[in-house]
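To start, the structure itself, in structure tokens.
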Amino acid sequence: MKKIFVLSFISVGYFLNAQNLSNSPYATYGIGDVKYDNTIETSSMGGISTAFISDFTSNFNFANPANNTNFELTSIKLEATNENNYFKTDYNNTKSTKHSTYLSNISLAFPLSPRLKMGLSYQPYSSKSYEIIHTDYNENTGVTTGNRFKGSGTLNTAQIALGYKINEQFAVGARANYYFGNLYDLNELAVSNAELINGYETKNSIRNFNFTLGANYQNLNTSTDKKLTIGATATFGNTSNMTTDYRNSTYYYSDAARTEKANETVIEEKTTNSKNLLPLQASVGVGYGEENKWFLSLQGDYKKGESIAYFGQSLDLQDSYRISAGGWYLPNYNNFRSYFSRIVYRYGAFYEKGSLQIAGQNINKFGVSAGVLLPFKNSSITRMSGLELGLEVGKRGTLKNNLINQNFINLKVGFNFADKWFRKALYN
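If you count the sequence shown from 1, position 176 lands on 635 in our numbering, and the numbers rise without skipping.
Here is the structure:
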């Protein structure tokens, strides 16, 4: 059974790299629609993770690897997300919907010693999947002009994290992040009285490392079981380039599917490299709660604006920040007469000032979230395996200046299989 889980972990990782994700038209800009954190546990609590140390021995925290002082079991997580986006703009009173379901996270974590814990994870970081067609008809000339915008590709991230417990109150951690994938953008201009199409194509090939350092402090009052937690992380140190290939050319399509170009003439072609793809990020959080009962946390995240080549020009994004609040509640795990008393209930909310500014408007995002951990029937509080469910509802963008308002409902489901695996028995 354990070998099957390991083989599934590898094969699912291959599938994750090939899947196509639905997202917003705002993914047109930069590196696409960035997924803040795809783990159900974190997203169900509004995104709090920096000061969150799980009370249970089966949950590994990748966002702040220092927060794994209680982790004692081997854990395999498989999670999927169903995104439902509803778009509206005042321009021509246009409405649209977009749905997708994809594998959003897989992870394997295990303790190397009572003080040292290790985790491996793999999930989408950002994606592009859009096609927008805009046409204008000139009554005076009888000419129709069409603009086609199309994007595709996924940027994935693989992580390896280590957490070390210094003493009962302090811990530190480090995570290496590897980003890889290809992102494509295409802008085509076609005129009804011209045979050729003018196309602007950008391909970003990304192979990038950076690193995250984390620390935490937790003070537990053993007489009241109340605890105060403070955490912080910083991500820095890009070690590789993003290669951008840009081409401006004229051509026509020789097939109905519009995939085969013919009679192509290159007007401009160039290749650039960027080291500022994933710049400095930092997070601080504080939390308070009661051991095995409840927890509440407030968190602030900051990301420095990056620059990216976009249709032959440099696109500079703004600094962004995010404020999150959330936590969890466990009624009474010892109440075996009531299964609902042994469910972990999660809740949260967030506000995110985005890095995009279009037509003088900031493209911001906010939402609320909730979720549950439904423990398996034979799951104890020291082996909290179960079914994870999460819900995230929110809004992004604005209707001002003919921009797009995006409402979203994201559903998440996953499994956490945790046990004392890969350990040699002392006796039979």
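All C-beta atoms, glycine included, are put in the ideal place defined by N, C-alpha and C.
Computed from a predicted structure; not experimentally measured.
Exposure of residue i, with buried meaning 16 or more beta-carbon neighbours within 10 Å
i, result
"residue 895", "Residue 895 is absent from the structure shown; the chain starts at 460 and stops at 887."
"residue 601", "exposed"
"residue 815", "buried"
"residue 762", "buried"
"residue 595", "exposed"
"residue 824", "buried"
"residue 569", "buried"
"residue 583", "buried"
"residue 616", "buried"
"residue 653", "exposed"
"residue 488", "buried"
"residue 725", "exposed"
"residue 574", "exposed"
Backbone secondary structure at residue i - three-state DSSP
i, result
"residue 487", "helix"
"residue 814", "coil"
"residue 580", "strand"
"residue 792", "coil"
"residue 821", "strand"
"residue 597", "strand"
"residue 859", "helix"
"residue 462", "Residue placement at residue 462 is flagged as unreliable, the pLDDT there being 42, under the threshold of 50; the coordinate-derived value follows with that caveat. The answer is helix: DSSP assigns residue 462 an H, G or I state."
"residue 591", "strand"
"residue 522", "coil"
"residue 888", "Since the first and last residues shown for the chain are 460 and 887, residue 888 lies out of range."
"residue 510", "coil"
"residue 809", "strand"
"residue 754", "strand"
"residue 774", "strand"
"residue 585", "strand"
"residue 496", "coil"
"residue 786", "strand"
"residue 759", "strand"
"residue 575", "strand"
Start and end residues, alpha helix (DSSP H) containing residue i
i, result
"residue 499", "499-502"
Cα-Cα separation between residue i and residue j, rounded to whole angstroms
i, j, result
"residue 524", "residue 637", "16 angstroms"
"residue 704", "residue 675", "42 angstroms"
"residue 845", "residue 685", "26 angstroms"
"residue 803", "residue 678", "23 angstroms"
"residue 740", "residue 774", "19 angstroms"
"residue 878", "residue 535", "9 angstroms"
"residue 640", "residue 791", "45 angstroms"
"residue 553", "residue 589", "16 angstroms"
"residue 625", "residue 526", "12 angstroms"
"residue 876", "residue 539", "15 angstroms"
"residue 732", "residue 746", "41 angstroms"
"residue 659", "residue 650", "15 angstroms"
"residue 668", "residue 550", "41 angstroms"
"residue 795", "residue 514", "19 angstroms"
"residue 648", "residue 576", "54 angstroms"
"residue 505", "residue 874", "20 angstroms"
"residue 855", "residue 750", "36 angstroms"
"residue 613", "residue 759", "27 angstroms"
Proximity test, residue i beta-carbon vs the ligand MN heavy atom, cut-off 7 angstroms
i, result
"residue 521", "Looking for the ligand MN in the displayed structure turns up nothing, as the structure carries no ligands at all."
Span of the beta strand (DSSP E), counted from its first residue to its last, around residue i
i, result
"residue 701", "701-712"
"residue 667", "656-680"
"residue 765", "No beta strand (DSSP E) contains residue 765, which DSSP labels as neither H nor E."
"residue 538", "533-548"
"residue 866", "863-878"
"residue 801", "Neither: residue 801 is in no beta strand (DSSP E) and is coded neither H nor E."
"residue 740", "740-749"
"residue 618", "602-624"
"residue 639", "629-650"
"residue 722", "720-733"
"residue 691", "685-695"
"residue 824", "824-834"
"residue 846", "845-856"
"residue 570", "553-570"
Reference residue i; option with closest CA among the options
i, options, result
"residue 610", "584, 484, 668 and 863", "484"
"residue 578", "542, 566, 589 and 660", "566"
"residue 499", "836, 624, 562 and 531", "562"
"residue 870", "853, 492 and 691", "853"
"residue 671", "648, 698 and 756", "698"
"residue 558", "774, 548, 867 and 754", "867"
"residue 800", "829, 613, 812 and 833", "833"
"residue 857", "689, 548 and 590", "548"
"residue 496", "836, 828, 861 and 860", "828"
"residue 543", "537, 556, 533 and 680", "556"
"residue 581", "593, 564, 573 and 592", "564"
"residue 720", "692, 541, 656 and 807", "656"
"residue 533", "516, 754, 521 and 560", "516"
"residue 628", "689, 809, 662 and 737", "689"
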